[in-house]
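**Student:**
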Amino acid sequence: MANITRSPWLLHYDGSSCNGCDIEVLACLTPVYDAERLGVMNTGDPMQADIFLITGGINSQNQATVKQLYDQMPNPKVVVAVGVCACTGGIFKECYNILGGADTTVPVDIYVPGCAARPQAIIDGIIQAVELFQKRSDDYKAMVKEKKRRG
Amino acid sequence: MNMGIVYAIAYIVLAPFVGGFLDGVDRKISARMQRRVGPPLLQPFYDIVKLFNKETISVDSSQTFLLLTYFVLMLVTGVMFFSGSDILMCFFVLSTAATFLYFAGVITSSPYSSIGAQRELIQMMTYEPAVLLTCVGFYLAAGSFNVNEIASTGTSYIFRLPGFFVAFVFILTIKMRKSPFDTSTSHHMHQELVKGITTEMGSKNLALFQITEWYENVFLMGVICLFFVNGSITGLVISLAVFLLVYFLEILIDNCCARMKWQDMLVITWIVTFFTAGVNLVILMVIR
Ligand code: SF4
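Shown next as structure tokens:
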């Protein structure tokens, strides 16, 4: 199976957050943490992304958007929830418009806790996501092969 | 002619590797300029392998066909150039290839992709005068449009065509999709057009686009070398050195500049073309 763990492209979506986690996500790409050395690229385009990075909770207005972005990503794909808000709803949980964490809308694979999540933790989360991504990719290839065999 | 076939086959086989490697060098140097560690040199190849392993979602099924045509025409361009045929014809085929890229962009009807495609056309309009003038310059200097004959006259053209060279290097920034002229698409994230003309290209289609870009870059570098070859080994060494220098210059410009509006791009490029290639042309015609 081809080793595809070296090129995880991210799609970052900012839900109902305070923007703290988003700044930390961007910090991952700055010279200090330089996530690109691991092949990480922040594409703004769901069609080209492998890992869906969500910061902030889900509210009634952004739920449809998050769902659509997830659906637009080609298989195999992995979802990472960054920050307490994306994990559970966090500090905004009790607000009238908040539905909860990202897992209320899309299947979250990796949870990165913290308020705000530290860049180290985010990069660690991405690396765990990459391992899962490789596994999914192998499964996906096997599935495609199986489909072809059946015709 | 036999040598021509060898060169053409070498181009088909080697160009994606050379192009991909240059892309890796580009990303590494860019990262160092920004004081980052940067991705490994082979990163572009990892990306391609990954893209080929993903599910293909395309908004319109004809997109793959259009991109394939773009790819094949780009291949034809390079093969014609390296096998030593008409340089004017090479650039015509290149323009046709770019037109197919335009169609691949607009067919998706995504607003980002469509605007990117329209800007691609504007870019063509911007660099086409310089490209055509370069061909004319070679004709005036060598008496032939034929790459084979141009390359084998035994003198470097840079002394007679310095203006054309400057014009061509200037438009190279547009062709290689570098800042400040990366209006139609960009390798960087979060632009106003998301990913411009490539927004709706995913997995295999994007990989195809990327590989075509590598072929194109190698072809363009071939044209740069054509200014310096004179049939001897020293000429070859000098042309390779210049080619690396120009490539580095493009990376430097890319990292120093913010993107421009297309209006400015058009005006500036045409002015530069007029004052370099145009003046050179007049001088060439007077002296002859
Ligand atoms: S987890 Fe904390 S820092 Fe992150 S978005 Fe929520 S409130 Fe802001």
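If you read the sequences in order, they're chains A and B. Here my numbering is used: the first residue of the first sequence is 1, the next is one more, and so on. Here my numbering is used: the first residue of the second sequence is 152, the next is one more, and so on. Note that beta-carbon positions come from the ideal geometry of N, C-alpha and C, so glycine has one too.
1) G235 of chain B and G155 of chain B look like a contact to me (Cβ under 8 Å); what is the Cβ gap, rounded to whole Å?
2) For the putative contact between T304 of chain B and A293 of chain B, defined by C-beta atoms under 8 Å, what is the C-beta separation to the nearest angstrom?
3) List, in order along the chain, the chain A residues whose C-beta lies closer than 8 Å to that of K346 of chain B?
4) I need the DSSP call for D14 of chain A, collapsed to helix, strand or coil.
5) Would you list, in chain order, the members of the segment 189-206 of chain B that have their beta-carbon closer than 7 Å to a beta-carbon of chain A?
6) Since T259 of chain B and D211 of chain B should fall inside the 8 Å C-beta cutoff, what is the C-beta to C-beta distance between them, to a whole number of angstroms?
7) Beta-carbon of L291 of chain B versus every beta-carbon of chain A: anything under 7 Å?
8) Taking the runs of the alpha helix (DSSP H) that are 4 residues or longer, which of them lie wholly in the segment 288-357 of chain B?
9) Where does the unbroken alpha helix (DSSP H) through L147 of chain B begin, and where does it stop?
10) Where do the ends of the alpha helix (DSSP H) carrying G229 of chain B lie?
11) Output the distance between the C-alpha atoms of R410 of chain B and Q274 of chain B, rounded to the nearest integer angstrom.
12) Helix, strand or coil: which one does DSSP assign to F379 of chain B?
13) Is it right to say M73 of chain A is buried, meaning 16 or more other beta carbons lie within 10 angstroms of its own, or is it exposed?
14) Give me the residue from B:C241, B:I160, B:V374, B:I419 with the minimum Cα distance to P331 of chain B.
15) For E343 of chain B, count neighbouring Cβ atoms within 10 angstroms of its own Cβ and tell me buried if that reaches 16, exposed if not.
16) Less than 7 Å between CB atoms is the rule here; does R118 of chain A satisfy it with respect to chain B?
17) Around the ligand SF4, which residues pass a check of Cβ closer than 6 Å to any of its heavy atoms?
18) Using a threshold of 7 Å, state whether the C-beta atoms of V40 of chain A and V79 of chain A are closer than that.
19) Report the residue from B:T334, B:A182, B:F216, B:L173 whose alpha carbon sits nearest the alpha carbon of P195 of chain B.
20) Starting from the Cα of A121 of chain A, find the closest Cα among A:T104, A:V82, A:Y96, A:D103 and give me that residue.
21) So with Cβ pairs under 7 Å, would you call L357 of chain B a contact of chain A?
22) Nearest chain B C-beta to S16 of chain A closer than 7 Å, yes or no?
23) Quick check: the Cα distance between N19 of chain A and Y366 of chain B, rounded to an integer number of angstroms?
24) Which residue comes first and which comes last in the alpha helix (DSSP H) that contains G100 of chain A?
25) As a quick exercise: from A:G44, A:S137, A:K93, pick the residue whose alpha carbon is nearest that of R6 of chain A.
26) G57 of chain A bridges to which residues according to DSSP?
27) Mapping DSSP to helix, strand and coil, what is Y33 of chain A?
28) Going by Cα to Cα distance, which pick from B:T250, B:K201, B:T220 is closest to K77 of chain A?
29) T247 of chain B to S265 of chain B, Cα distance in whole Å?
30) Rounded to a whole number of angstroms, what is the C-alpha to C-alpha distance between Y428 of chain B and M436 of chain B?
31) For M184 of chain B, I'd like the list of residues in its chain whose CB is within less than 6 Å of its CB, leaving aside the five on either flank, ordered along the chain.
32) Near L165 of chain B, what residues of its chain come up, given a Cβ to Cβ distance below 7 Å and the 5 sequence neighbours on each side ignored?
**Tutor:** To lay it out plainly:
1) About 4 Å separates the CB atoms of G235 of chain B and G155 of chain B; that is less than 8 Å, so the two are in contact.
2) Contact check for T304 of chain B and A293 of chain B: beta-carbon distance about 5 Å, within the 8 Å limit, so the pair qualifies.
3) Residues of chain A passing the Cβ test: T43, G44, D45, Q48.
4) Strand, per DSSP.
5) Hits within the stretch, in order: G189, P190, Q194, Y197, D198, V200, K201, N204, K205, E206.
6) Contact flag correct, Cβ pair sits at about 6 Å.
7) Using a Cβ-Cβ cut-off of 7 Å, L291 of chain B does not count as an interface residue toward chain A, since no Cβ of chain A sits closer than that to its own.
8) List check, alpha helix (DSSP H) in window: 298-302, 313-326.
9) Residue 147 of chain B cannot be examined here, being either before or after the span of chain B that is shown, 152 to 439.
10) Element bounds for G229 of chain B: 213-233.
11) Cα-Cα distance, rounded: 13 Å.
12) Here F379 of chain B carries a coil assignment [DSSP, helix/strand/coil].
13) Around the CB of M73 of chain A, 16 or more other CB atoms lie within 10 Å, so the residue is classed as buried.
14) The shortest C-alpha to C-alpha distance from P331 of chain B to any of B:C241, B:I160, B:V374, B:I419 is the one to B:I419.
15) By the 10 Å Cβ count, E343 of chain B comes out exposed.
16) In terms of beta-carbon proximity, R118 of chain A stays away from the interface with chain B, with every pair separated by 7 Å or more.
17) Those residues are A:S17, A:C18, A:G20, A:C21, A:T55, A:G56, A:G83, A:V84, A:C85, A:G90, A:I91, A:C115, A:A116, given in chain order.
18) Their beta carbons are not under 7 Å apart, which means V40 of chain A does not touch V79 of chain A by this criterion.
19) Between P195 of chain B and the set B:T334, B:A182, B:F216, B:L173, the nearest pair of CA atoms involves B:L173.
20) Of the listed residues, the one whose Cα sits closest to A121 of chain A is A:V82.
21) Interface residue (Cβ-Cβ distance to chain A less than 7 Å): L357 of chain B is classified as such.
22) Output row for S16 of chain A: interface = no.
23) The alpha-carbon atoms of N19 of chain A and Y366 of chain B are separated by roughly 42 Å.
24) Premise fails: G100 of chain A lies in the beta strand (DSSP E), 98-100, not in any alpha helix (DSSP H).
25) The candidate whose alpha carbon is nearest that of R6 of chain A is A:S137.
26) When DSSP reads this structure, G57 of chain A sits in a beta bridge with A:S16.
27) Residue state, collapsed to three classes: coil.
28) Here the closest residue by C-alpha is B:K201.
29) Approximately 18 Å, taken between the alpha carbons.
30) Note on identity: in this sequence residue 428 of chain B is Ala, with Tyr being the wrong assignment. Straight-line Cα distance between these residues: approximately 12 Å.
31) Cβ within range, chain order: N406.
32) Nothing listed; no residue qualifies.
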